[in-house]
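Quick note, the sequences are listed as chains A and B, same order.
Each residue of the first sequence is one higher than the one before, starting from 1 at the first, in UniProt numbering.
Each residue of the second sequence is one higher than the one before, starting from 1 at the first, in UniProt numbering.
All C-beta atoms in this analysis are idealised placements derived from N, C-alpha and C, irrespective of residue type, glycine included.
Below you'll find the structure, written out as structure tokens, and then a few comments.
Number of protein chains: 2
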Amino acid sequence: MDYLNVKFKETGHSNMYFPQFIPYSFIEKEASHVQGFSPELAVVTIGGGKELEEKLVVRPTSETIVNHMFTKWIQSYRDLPLMINQWANVTRWEMRTKPFIRTLEFLWQEGHTAHATLEEAEKEAMQMIDVYTKFAYEQAAIPVIPGRKSRVETFAGADRTYTIEAMMGDKKALQAGTSHNLGQNFSRAFETQFMDENGQLEHVWQTSWAISTRFVGGIIMTHGDDAGLMLPPRIAPIQVVIVPIWKKGDEKGVVMEAVASVQNTLKEAGIRVKMDDSELRTPGWKFNFYEMKGVPIRIELGPRDVKNRSVVLCRRDVPGKQGKEFGISMEPSILVDHIKGRLEEIQASLLQKAITFRDSNIVDVNSYGELKEVISEGKWARGPWSASDADELKVKEETSATIRCFPFDQPEGAKKCFMTGNPADEVAIFAKSY
Amino acid sequence: MDYLNVKFKETGHSNMYFPQFIPYSFIEKEASHVQGFSPELAVVTIGGGKELEEKLVVRPTSETIVNHMFTKWIQSYRDLPLMINQWANVTRWEMRTKPFIRTLEFLWQEGHTAHATLEEAEKEAMQMIDVYTKFAYEQAAIPVIPGRKSRVETFAGADRTYTIEAMMGDKKALQAGTSHNLGQNFSRAFETQFMDENGQLEHVWQTSWAISTRFVGGIIMTHGDDAGLMLPPRIAPIQVVIVPIWKKGDEKGVVMEAVASVQNTLKEAGIRVKMDDSELRTPGWKFNFYEMKGVPIRIELGPRDVKNRSVVLCRRDVPGKQGKEFGISMEPSILVDHIKGRLEEIQASLLQKAITFRDSNIVDVNSYGELKEVISEGKWARGPWSASDADELKVKEETSATIRCFPFDQPEGAKKCFMTGNPADEVAIFAKSY
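Listed below in structure tokens is the structure:
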């Protein structure tokens, strides 16, 4: 949230907050929007003890209420672009839920912008999917594939949907963030108009874009293992945990003194450090607990380490003895440099591991038969595609795989659709997904 | 949010998020809680197109669902204290709304803690009202009065409620934040129990505490004037706005070069600065706009200033010419020092002004007659009080004033209740409120 908030502001957006209860009539205004969302709505019918005259929808997304307000705020080209972001909870009535990935209520940010031209809106939609892509790579160490959704998979009410698709540890795809070029669909439905420089009334061109707590699930399922979470250092709330170890009563004093000094050194260096000196739990219990929590580095510090003026360091991402380093000097400048280096190393290593895993599980296909085989192995299939929406739905029905995206990064050369044999401009990526 | 988040973590709390839909049966479990909140509930009766078997309440506050989860998480004294915070929206069906102050939906943080002893819970409740008090004084420049609520005004389900009370520009009181010692009321209703060190099952002792977007209204109504907002520098999203001024085409280049340099200097010094170079609006329009937005300092920079290597500085809190300073050197170290000094001066001045206003509008009373007179003048009355709940309700009915709090800061010496003449331990503050 902190990282994205800064990026959103740098790219010219202001945070706002809109009411979460939306009159049902708003939802009905944009035809494909109501069709897409009406089966998933939670509806408030009673307020303050009374039956309501107009039912209120608990927001599934805010395009409608945002446009209602934009209509009041936008009069002239001088009011454009209008670029806002909202951090909020949203509700979609899901029958089959899965923690973080598909929940009845979830947290997200939703950006909403209005522009004077189609080109500006398109540029904005692309800019924001790029912000998400960088966030995924640089912070979460998730090598997402950015691209465009197929018509079938486009957001209800959008002209174009851009997406970042991530490969989870079980090789299923996760749609981890989306950015929509809404064209004039909502502005026509809501009459969101502006007077241009020539005095002509025009409908605004809009975008919306969102990333949600689902991304947290993406982090867990990209890097986690059987011992629990494994958090990339840049986003880990705790980067280093210090576990003091002592047995006899008179050991405690010297150990705790050294521990406090190490903790202070790391804290002053801007490292997010936690020290757990609880006497209610054993060191072994704490090792497991902070492994499960995904803390990238554990420091162990006992009486012998105090004597040697050194600490023991354990990496969460390298299991067993290989991830253990003994005799790392307590001398502040050495220790800080060493740990900062290790944190960067872990960050890079998690990303590299995920890239290798991803690339070894995407297979180029040139026929529907090949696609079926690749999908049945649980992998992702990539192949030229220019077939119909009906063909796309047939693939889904027969293989459970959908087009995740037409990736921005396209192979060069002439291509033939693997389904129809017709010329194809692009390859698409097919996969089973969450 | 940023400031409080840091303070909450420093005092040992973790952020969590709980579902906003609460089964109606949860709300019913704590008798005074359901009585307090049931008239204000929004109720979801339809989900995913179907009538729900159990109605869901849109959270008015989260004590019930938090206790439902605490019951699963707390087994032993080793699990205590459990200290969490949630940033969330809440809904209370208000018939008479007022922007920021009383809205059907609002944003807040709600802290919830569970402890092994009453003493620990009491200490926590006091600690958090102290965090709020410091936040109000040091960040928002609002000289709140912290104290204890009367029984009548205590939160539905709490043993004790602590509050910070602020005097608005119209002298009405605003309850700006509260902290509750919940005793064992919810833990008994939900059977939230733990095994103590002697193997005995005990109910946990709890607190909850909250501050909301209402506080934003408090900032507006404490410092604002007829020209709009006046934001204390420490919490102003924009601390300095730079408005470039030029007329002829060839002036633009030199002005914009100087403006960019000044902007950069301030930004690098950690000052939150915005430069508005829009050619769609005049400088005069911009002056009014950023005054309305409450930006503490405006810098004007035209061709003559460029020649003199200086800028013009205008303080939002000092109207007219008195707030204008000419010829402030552009030399980075001088400019930065000058502006940082002025920002601190504005922060201190806003607080001092609010303290003077508050203290000149609180009047000590020694009889009900005096109280009536003071309240009818729109001021706050302070007097010894040990009368009954019925007497308190009578004062409310006859004067519209309520007990805002028994302030922590009490005058010394023996006191007699101004209503009954009986001995009184404390003075209470009475006022009309939002």
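Give a yes or no on whether 7 Å exceeds the smallest Cβ distance from residue i to chain A.
i: Val243 (chain B); result: no
i: Leu231 (chain B); result: no
i: Gly47 (chain B); result: yes
i: Pro19 (chain B); result: yes
i: Glu105 (chain B); result: yes
i: Trp108 (chain B); result: no
i: Trp285 (chain B); result: no
i: Trp93 (chain B); result: yes
Can you tell which of the options has its C-alpha closest to the C-alpha of residue i?
i: Ala260 (chain A); options: A:Val34, A:Gly249, A:Lys274 and A:Lys248; result: A:Lys274
i: Asn89 (chain B); options: A:Glu63, A:Glu124, A:Tyr17 and A:Gln139; result: A:Tyr17
i: Gly323 (chain B); options: B:Ser349, B:Asn308 and B:Val43; result: B:Ser349
i: His68 (chain B); options: B:Thr192, B:Asn264 and B:Ser386; result: B:Thr192
i: Lys247 (chain A); options: A:Asp409, A:Arg304 and A:Trp205; result: A:Arg304
i: Leu99 (chain A); options: A:Ser376, A:Ala424 and A:Ser212; result: For the sequence presented, residue 99 (chain A) should be read as Pro rather than Leu. Taking only the C-alpha atoms, the option nearest Pro99 (chain A) is A:Ser212.
i: Lys307 (chain A); options: A:Leu313, A:Lys321, A:Ser329 and A:Lys293; result: A:Ser329
i: Ala431 (chain A); options: A:Glu28, A:Glu392, A:Pro411 and A:Asn422; result: A:Glu392
i: Arg382 (chain B); options: B:Thr399, B:Phe418 and B:Gly183; result: B:Phe418
i: Glu119 (chain A); options: A:Ser310, A:Ala141 and A:Asn181; result: A:Asn181
i: Glu202 (chain B); options: B:Gly302, B:Gln184 and B:Glu370; result: B:Gln184
i: Val43 (chain B); options: B:Lys29, B:Val34, B:Tyr24 and B:Lys50; result: B:Tyr24
i: Val240 (chain A); options: A:Val254, A:Gln263 and A:Val6; result: A:Gln263
i: Thr113 (chain A); options: A:Leu82, A:Arg102 and A:Met195; result: A:Leu82
i: Glu30 (chain B); options: B:Val336, B:Phe190, B:Ile299 and B:His338; result: B:Phe190
i: Ser433 (chain B); options: B:Gly218, B:Ala116, B:Gly327 and B:Asp317; result: B:Gly218
i: Arg272 (chain B); options: B:Pro237, B:Val243, B:Val6 and B:Phe289; result: B:Pro237
i: Ala116 (chain A); options: A:Phe106, A:Met195 and A:Arg96; result: A:Met195
i: Lys72 (chain B); options: B:Asn198, B:Val204, B:Gly12 and B:Thr103; result: B:Val204
i: Val66 (chain A); options: A:Ile84, A:Glu51, A:Lys50 and A:Arg309; result: A:Ile84
i: Glu122 (chain A); options: A:Asn361, A:Gln175, A:Leu52 and A:Ser208; result: A:Ser208
i: Phe8 (chain A); options: A:Glu373, A:Val365, A:Trp87 and A:Asp170; result: A:Trp87
Could you give the C-beta distance for residue i and residue j, rounded to a whole number, given that I count them as a contact under 8 Å?
i: Trp93 (chain B); j: Gly48 (chain A); result: 3 Å
i: Arg404 (chain B); j: Ala173 (chain B); result: 5 Å
i: Ser386 (chain A); j: Thr420 (chain A); result: 7 Å
i: Pro233 (chain A); j: Gln127 (chain A); result: Pro233 (chain A) to Gln127 (chain A), Cβ: 27 Å. No contact.
i: Ser76 (chain B); j: Glu110 (chain B); result: That belief does not hold up - the Cβ atoms of Ser76 (chain B) and Glu110 (chain B) are roughly 25 Å apart, past 8 Å.
i: Thr45 (chain B); j: Ile46 (chain A); result: 6 Å
i: Gln168 (chain A); j: Met95 (chain A); result: For clarity, residue 168 (chain A) is Met in the given sequence; the question names Gln instead. About 22 Å; that fails the 8 Å criterion.
i: Thr160 (chain A); j: Asp389 (chain A); result: According to the sequence shown, residue 160 (chain A) is Arg rather than Thr. Not a contact, Cβ separation roughly 15 Å.
Taking 7 Å as the CB-CB limit, is residue i close to chain B?
i: Leu280 (chain A); result: yes
Listed in chain order, which residues of the segment 34 to 65 of chain B have Cβ atoms closer than 7 Å to some Cβ of chain A? Residues Pro39, Glu40, Ala42, Val43, Val44, Thr45, Ile46, Gly47, Gly48, Gly49 and Val58.
Given a limit of 7 Å on CB to CB distance, which residues of the segment 76 to 91 of chain A reach chain B? Those residues of the segment 76 to 91 of chain A that come within reach of chain B (Cβ to Cβ, closer than 7 Å) are Arg78 and Asn89.
Using 8 Å as the threshold, is the segment 140 to 160 of chain A in touch with the segment 18 to 29 of chain A, meaning 3 or more CB pairs across them? Cβ pair count under 8 Å is below three, so no.
Cβ-based contacts, 7 Å cut-off: residues of the segment 184 to 208 of chain B near chain A: Answer in chain order: no residues at all.
Validate contact between the segment 406 to 423 of chain A and the segment 140 to 150 of chain A using beta carbons, cut 8 Å, 3 pairs: Under the Cβ criterion (8 Å, minimum of three pairs), the segment 406 to 423 of chain A counts as touching the segment 140 to 150 of chain A.
Determine, using beta-carbon pairs with one atom in the segment 237 to 252 of chain A and one in the segment 125 to 140 of chain A, whether at least three such pairs fall under 8 Å. A contact is defined here as three or more CB-CB pairs under 8 Å, and the segment 237 to 252 of chain A fails this definition with respect to the segment 125 to 140 of chain A.
With three or more beta-carbon pairs closer than 8 Å as the criterion, would you say the segment 50 to 68 of chain A touches the segment 28 to 40 of chain A? Touching, yes.
Three or more C-beta pairs under 8 Å: does that hold for the segment 222 to 229 of chain B against the segment 286 to 302 of chain B? Touching, yes.
Mind the definition here: the segment 265 to 279 of chain B touches the segment 207 to 224 of chain B only if three or more C-beta pairs lie below 8 Å; say whether that holds. Verdict: no, contact absent.
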